[in-house]
Each structure stands twice: as C-alpha cells, then as structure tokens.
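Residue numbers (my numbering), protein chains in the order written: chain D, 543 to 848; chain X, 2 to 511.
Where a beta carbon is used, it is the ideal one built from N, C-alpha and C, also for glycine.
On a predicted model such as this, the values are computed, not experimentally measured, just so you know.
Notes follow once the structure below has been shown.
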Amino acid sequence: MIRYILKRLAMLIPVLLGVSIISFALLRLVPGDPAVLLAGEDANPDFIEAVRKEYGFDQPLHVQYLRFMGNVLQGDFGISIRSREPVVNLLKQRFIFTLKLSLCAILIASLIGLIAGIISATRQYSIFDNLSMIGALFGISMPIFWLGLLLMLIFGVYLRWLPVGGSGELRHLVLPALAMGAASAAVIARMTRASMLEVIRQDFIRTARANGLRERVVIYKHALKNAMIPVITVFGLEFGYMLGGAVLTETVFSLPGIGRLMVEGIFQRDYAVVQGAMILVATTFVVVNLLTDIAYAFFDPKIRYE
Amino acid sequence: MKRCLFVTALMVALLALFPLQAVAQTVIYAAGADPDTLDPANAESNPSEAVNRMIYENLVRFDAQLNLVPGLAERWEQAADGMTWTFFLRQGIKFHDGTPFNAQAVKYFLDRMIGPEKPSRAGLYAPLVESAEVVDDYTVKFHMKAPFAFLLNNIAHSASGIVSPTAHEKMGKDIGRSPVGTGPFKFVNWVHGDQINLTRNDDYWGGKPKLEKIVFKTVREDSARVMMLQSGDAHLAVRIPSEDLPRLEKDPLIKLDSTETLRVLYVGFNNAKKPFDDPRVRQAFNLATDRESIVKHIYQDLALVASNIVAPRTTGYFPMPAIAHDPTKAKQLLAEAGFPNGLKAKFISPQGRYPKDFEMAQALQQQWQQAGIEVTLDTMEWAAYLAATRKPVEEADVELYLLGWAPSSAEARWVLFPNFTTSQWVPQGNNRLFYSNPTFDEHVEKLTRAADIAERDHNLKLAQEIIYQDVPLLPILITKETIGYSSKLKGVINSPLELTYFDHHTELLK
C-alpha cells in the first residue's frame, strides 16, 4: 500500500512538469503585455520598460522558464505583478478559502445526494423517487450563476435570512455552498440510485434477507457499502473540480477563492499568479484522485494495491 | 452515541474555522474591481484612486465641481514668468505613522516623482519640474523647466497624494501594500481580491471623521452589487447598471446619484491607413452616426451626446456645434472620395470595459450600413485589445476601434496632447490615431507654455476646433456614473473623475 502511494506521488513529477510548461507557454502565446496593462491607457513608456526589466520579461523565453522553475524548486513562486504580493501568500489565502467552501459544498452535496439516492433506490418508481430524480435533473441542468443569483434574490433580498456577499463567517458560505453543491448533489444522487438498484438485485442481498436480517441492516450495511465504489469515484471527481476553484460561484458571490485568482490573473496577464495556481490546482487534483483510490480499498476489501 | 460525538466534533471544527466577527459602526463600500496598488504614484485604476483619496491628501485638491481649492497647502503663488511656484503649507499636520508633514515631506514627494524610481505617474512632473526647494519648514518652491499652465491640476491628481517619507524610505515600492498618508482614514489591512479595511484617523486636522470604519469590498458581478445594496449587505455600490435603475428608484431606502463624467467614448480611425487618411471618408462616418439614437435607446439617456472629444466638465472645454445625422450627405462624401458603391472596413470594440460598449458598436455597425459602409465587428479581451491598438504605425492593421478617454487631471490638455500630437504616436505615447497636424501641435505647445489664462484658452479653443473639423476620431457620447447608496449615508462624494469616496464629513445616520 505504502509503495503504491509513493509510486502514485512520484507520478506528480511528470504531471507538474507538463502543467508548468503548458501554462507557461499558453500564457505567453496569448497577445497582451503585462507591463502595458499595468501602465493603463495613458501609459508611460519609461515605466513599461522598467516593469519589463524588473520582472525579467525582457529575457528570452527559455531563460524566463528556467529561472521560474529554479525558483519554484526552492518554494518561491515569484511576485504578483499586480499586487506585488508573493504568490505563495496569495495561493495560501485563496486555497484555504476554496478548501472551506468546497468542504461545505461537498458536505451538502453528499448529504442530499446520498439520502435522495438511497430512498429513490429502495422505493423505486414511488412518488419520492420521481420527485427526487426530477430535482436531480434540475440540479444538473441549472447554470450555477443563475442558481446563485436566484438564491441571493430569495434568501438575501426578499427573506433577508442570509448575506448575499462577503466572506469570513460561516453564514456567508451557506448560499455559495448550496449553489455549488447542487449540481454535485444531483450527480451523486443519480449515481447512488443506479448503483444501489444494481446491488439490491444481487444474490447476497437475497441471502441476507432470507437469513431474516432487518431491512435496515440489509440496505445500510450490506447493500450501501457495496454500492459505494462508483459513488466514491464521482465524489472524488466532484471534490477535485471544486478544489480547482469554482470561478462562477466565486464571481457571483464575490468570494476570494483560487478560481477567481486564476481568472483575474489571466485577464491581467499576471503570469506568476496563474502559473502558481495551475501547479497548485494540478497537485490537488492528483492528490484527491489518489485519496479516492485509497478509499476504494476501504469500502471494498477485495481491492488491494500491491 | 459515537455518531453523535462525531457530528458534534464536525460542527465544532466547522465553527472554529469561522470566527464570529464583532459588528462595529462600519460602512461597506461595494466596488467593481480590486485596486491594484495603494501607492498613489503607481496607481492606474479607479478603485485604487478612490481608496487613495481617503488615505492621502494633496497640496491642492479638486472640489465637487473640479475647482482647485486648498488642500495641504493653504495658499500658493506663481512667479510672473511662470518658472517658480511657491506653496505655503498648513501647519501641525502629522502622517498616520507620526511623521510630521512639512516642506521636507513635499520635497521628498517631488524628488521621488522626478527621480530614478520612475513611478508610473512620473509623467505628471518629470518633464515639467526641475527641482523642489525647501524655503522653510512650511514653505516649498517648485522650480520649473518651462512654464506649464496646468501644474495645479497635476498637483490635485490622485497620483500626487503625499506619502509619508519615513514609510516610503522603509518600504520602497511596497508602500502600495501598506499605505501611510495624512487623510481622514487610516489603512488597516488588505485581503487581496476581497477587501480593504480602513479606520478613522482620530487626529485628522480637519476634525474627527464621523465614519468609524470603511470596508472597501470587491464585488465584480454587477447584479451582486445591486443585491448587496438592496439587502443592506453594502451601504454603497458603484457602477449600477442602467437596467436596475427603474427598480432601485422605487426603493425608499436607496438613493441614486448619476454624475456626468469627463469620459468620452469614441471611435478612432487609423488616420495613417487608406482610405481613412481622406478627411471626406472620416466625415462620412461622422455624418452616418446617429448619436441621439444611441444615447436614447442603448443608454436610456444615462449618457450625453458628444461632439467634442473634450467633455463639458473638463477645464478648458469649448462647446462645438452638434453633429448632424445625415446618411445621404455621408454617401455623397464617400462618392466624392472615390467610393460611389460604398466602403468596407474592419471595426473592433471591447466588451464590458465601458458600459454597453459592444452594444454601441453593434448599433454603429447598423447605422453606418445606411450610408453604404459595411464594417465587420470583432471583439477582443482587454489585454489583447490594448496590445492591438498599441502597435507602431508600420505594424498597425487596426482600422476603426472603440475606446474611451477621460483626462485624470481634469483639464483639456491631457486630452489633446497625449492623443493627438505627432510626438505622441504609439508606442512612445498614446496617439493611437496616428494623427498629425503641425498647426494643431503648435497650438498645444502654446497652450502648454501659456503664461496667462487668456492665451491658454485661446489656443485650447483653436485646438479643439481643429479636431472638430479634421475628425481624426468620432466622439460619440459622454458617460454618466451611477452609484447607489443607503439613504442613511450622508455626504458621499461622487466625483466626475469616476471616483466615489468619503471624507471626514460623511456620516451614517442611525
């Protein structure tokens, strides 16, 4: 198991190398000059020259890349051209926020998703099943910014129960987590239902029932555990995407997460910020996937990583 | 039981992640974008300037009508030959870090502007001022390289906020992350991409500010800003979209304020490229443009028709006759210029940089069609757009483009000089039009060096008339900035410079 984990972590190296090259190259292929942007419409040529020099944009590309990678290996991701803040600090602040938001969102998503999925599966074609599957369809189809605005309008402006913008307190996260979790809840519900339906029809469930076990034990202990593998896959993917930053949710609710940092970095050609964020997001995605694979072994002892 | 414990532990852990904040007498300001820096000399965006106006002060400042009034200087004198300016400073003022404000601080400020650090706004002083001289503790002299008619406007510019010399010595360029000025509000902290916190300066020389705390929040999404205002999560929101106005007007708890700005949105020509080097072609575009209809139907009258690239509230503005909408005459001019069957051209516009910019570009495309002008319309993201319109003349393939200009020093020279004079062609300056007219250049030179106002204004008028007749660009409209704020908030300053800020008189009623 340990060897497997180490092997998987070693695979991070080529992944990150690839990500760093691609993000570096893409950013420089896009037209637009960070120094000109910083100088604004009534730009001053002396200033533009000085900025290019200070950040090394006057160097050849391969020199810039090697210098960047050399610094990264020492834990230095450079300085944001916009805010002059070290990128490491920005990433830390923003990632912690995104982590909080994603945790809340995935909590909401899995609670709603699992409960709806299990009930729908055990009472297939009942009114509850139909209603929750219609709800899931809405959850998947609804654009997240529209749902976000709707939630803000209802709970913030009309009912005034929750704040519509801001961050820092738990209540600020309720609406964004709901908006963000809705789509994931829908996916998890559908996956749970499908997987449960398959497991419930298997022989060992019939045997368990024939042995006189209570229905509750049959469903929650025997069926659910075996039905979890595909659900965990979905769970891991959804959580990975969430940690990659939810640009739309963060923009609509004006939250300082990693997604907005990245998008604003792109618009401002803040190279160091975008490169740093890409590397961070790629790392998280790989780690979340690894954790998902480890979770398989916990739910299904047949799976062994040797 | 075990499960119960687990759930409780989870809840406690979640709550621990989010400490409850004490509620103070705080005003929340919802801005449209994150400031870039709080160093006045390097600030290039409106959110930065708005915050800087609350932290820093200038020797001379603009009042709400953009008149020049005393700030940190009580009074000033200009020598008869225009070569020296003497400023008499207010006494007993301290920076937020305790450093005394005096003539040395002003000299430090000027030395920085003209010195080797070269901040982005160095252009306000470096070409004009030779040196600063400390006469005594509270008197300072600026020695000019040549007379300059608008020096006071540059001194009132937000870039000329006086920074604490001790703080700048200590932090250098990083002063932009922990600013120290003399203004009514002090900097507390900055969570990048989220908010800036200010607290009042109890020792402010103008009297104790009435507001205790200001939270300057970045809320990018227009509709989110409006909803925060409606729900009471923000006391003030800038850049209210015109669609939301009718709804907000009905809300008794919200006050709206639309201010006519100094910004003119225009369509620029590449005057160096055929056929736009022919004034008849440019005039044809001018006559084919129906400005009234754009202002009325696209902007719902939240803009004003422009005929001059200088906006009316700018110092040194001279009114020009309205430009008629006459597609027939436009066709005729095109025929004279050798295009009896109409003309094809490329037109680019940003999307979302200015209010309704792309909608306006689409309307123009349709209007020009009636005069036989077919343009293809493309949009680009802002960084690419700036790059495309900043190429030197031999590489420039842009034909028509939409942009806006507002003189941040509130005077007409800062429209005429950077955009139209021959020495300012991009990439050296900002003349993206590749316009060149020696007579015009001469008038700009004369008005810049004018020793008296009459001579200055005479040349300003002639220069504006030349642009009106030559049509190197099509001025379309003057924008208005609409802010909304809680009716409990009194004394909000909504400047025509597109800056909204508070001073020590601003108050929040219970």
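| Asked | Found |
| --- | --- |
| Determine the closest residue to Phe515/D out of Gly787/D, Ala839/D, Ala814/D, with distance taken between C-alpha atoms. | Residue 515/D lies beyond the stretch modelled for chain D, which goes from 543 to 848, so this question has no answer here. |
| Classify Leu21/X as buried or exposed, calling it buried when 16 or more other Cβ atoms lie within 10 Å of its own Cβ. | At Leu21/X the pLDDT is 43, less than 50, meaning the model places this residue with poor confidence and gives no usable figure here. |
| With distance defined between alpha-carbon atoms, name the residue in Phe286/X, Val227/X, Arg292/X nearest to Gln333/X. | Phe286/X |
| Straight-line CA distance for Lys489/X to Asp64/X? | 23 Å |
| Let me see if you follow: with CB-CB separation under 8 Å, is Asp195/X close to chain D or not? | yes |
| What is the rounded straight-line gap between the Cα of Leu739/D and the Cα of Ala752/D? | 18 Å |
| At a Cβ threshold of 8 Å, is Arg391/X touching chain D? | yes |
| Nearest CA to the CA of Tyr546/D: which residue from Ile836/D, Val759/D, Ala577/D? | Ile836/D |
| With distances taken from CA atoms, which of Arg732/D, Val789/D, Val578/D, Val776/D is nearest Arg811/D? | Val578/D |
| Would you mind telling me which residues of chain D sit closer than 7 Å to Ala42/X, beta carbon to beta carbon, in chain order? | Residues of chain D passing the Cβ test: none, with the nearest at roughly 10 Å. |
| Taking only the alpha-carbon atoms, compute the straight-line gap between Tyr646/D and Gly801/D and give it to the nearest angstrom. | Reading off the sequence shown, one finds Cys at residue 646/D, where the question assumed Tyr. C-alpha separation (whole angstroms): 16 Å. |
| Taking the beta strand (DSSP E) that Tyr30/X falls in, what are its first and last residues? | 27–32 |
| Express the C-alpha separation of Phe441/X and Leu199/X in angstroms, rounding to a whole number. | 46 Å |
| State the DSSP-derived secondary structure class of Lys119/X, mapped to helix, strand or coil. | coil |
| So, do the region 42–60 of chain X and the region 169–189 of chain X have three or more beta carbon pairs nearer to each other than 8 Å? | yes |
| Hey, how far is the Cα of Leu230/X from the Cα of Asp195/X? | 17 Å |
| I want to verify the contact list: residues of chain D whose CB lies under 7 Å from the CB of Gln231/X, in sequence order. | Val699 |
| Note down the Cα distance separating Lys256/X from Ala238/X, rounded to an integer number of angstroms. | 11 Å |
| How many Å lie between Glu375/X and His506/X at the Cα? | 54 Å |
| Taking Ile730/D and Tyr838/D to be in contact with their CB atoms under 8 Å, please state how far apart those CB atoms are, rounded to whole angstroms. | About 16 Å separates the two Cβ atoms, so there is no contact after all. |
| Would Glu261/X pass as an interface residue toward chain D - the criterion being a Cβ-Cβ separation below 8 Å? | no |
| What first and last residue would you give for the alpha helix (DSSP H) that runs through Ala592/D? | 587–596 |
| Hey, Arg292/X and Leu434/X: beta-carbon distance below 8 Å or not? | no |
| Which residues mark the beginning and the end of the alpha helix (DSSP H) in which Arg247/X is found? | Contrary to the premise, residue 247/X reads as Pro rather than Arg in this sequence. First-last of the alpha helix (DSSP H) with Pro247/X: 246–250. |
| Would a C-beta distance cut-off of 8 Å place Ser662/D and Ser674/D closer than the cut-off? | yes |
| What are the partner residues of Leu475/X, as DSSP defines its beta bridges? | Val268/X |
| In the DSSP assignment, what residue or residues form a beta bridge with Gln301/X? | None, per the DSSP bridge assignment. |
| Can you pull the chain D neighbours of Ser224/X, defined as C-beta to C-beta under 7 Å? | Leu691 |
| Name, please, each residue of chain D whose Cβ falls closer than 8 Å to the Cβ of Lys218/X. | Gly707, Gly708, Ser796 |
| Output, in chain order, the set of chain D residues within a Cβ distance shorter than 9 Å of Gly177/X. | Ser625, Arg626 |
| Is it the case that the Cβ atoms of Ser652/D and Phe777/D are separated by a distance below 8 Å? | yes |
| So, do the region 710–726 of chain D and the region 214–224 of chain X have three or more beta carbon pairs nearer to each other than 8 Å? | no |
| In chain X, which residues lie with their C-beta within 9 Å of the C-beta of Arg702/D? | Ser232, Gly233 |
| Note down the Cα distance separating Ala819/D from Tyr813/D, rounded to an integer number of angstroms. | 10 Å |
| Which residue wins for smallest C-alpha separation from Ala397/X, given the options Leu404/X, Leu403/X, Ala389/X? | Ala389/X |
| Take Ser437/X and list the residues in its own chain whose beta-carbon comes closer than 7 Å to its own, dropping the five residues that flank it on each side. | Thr423 |
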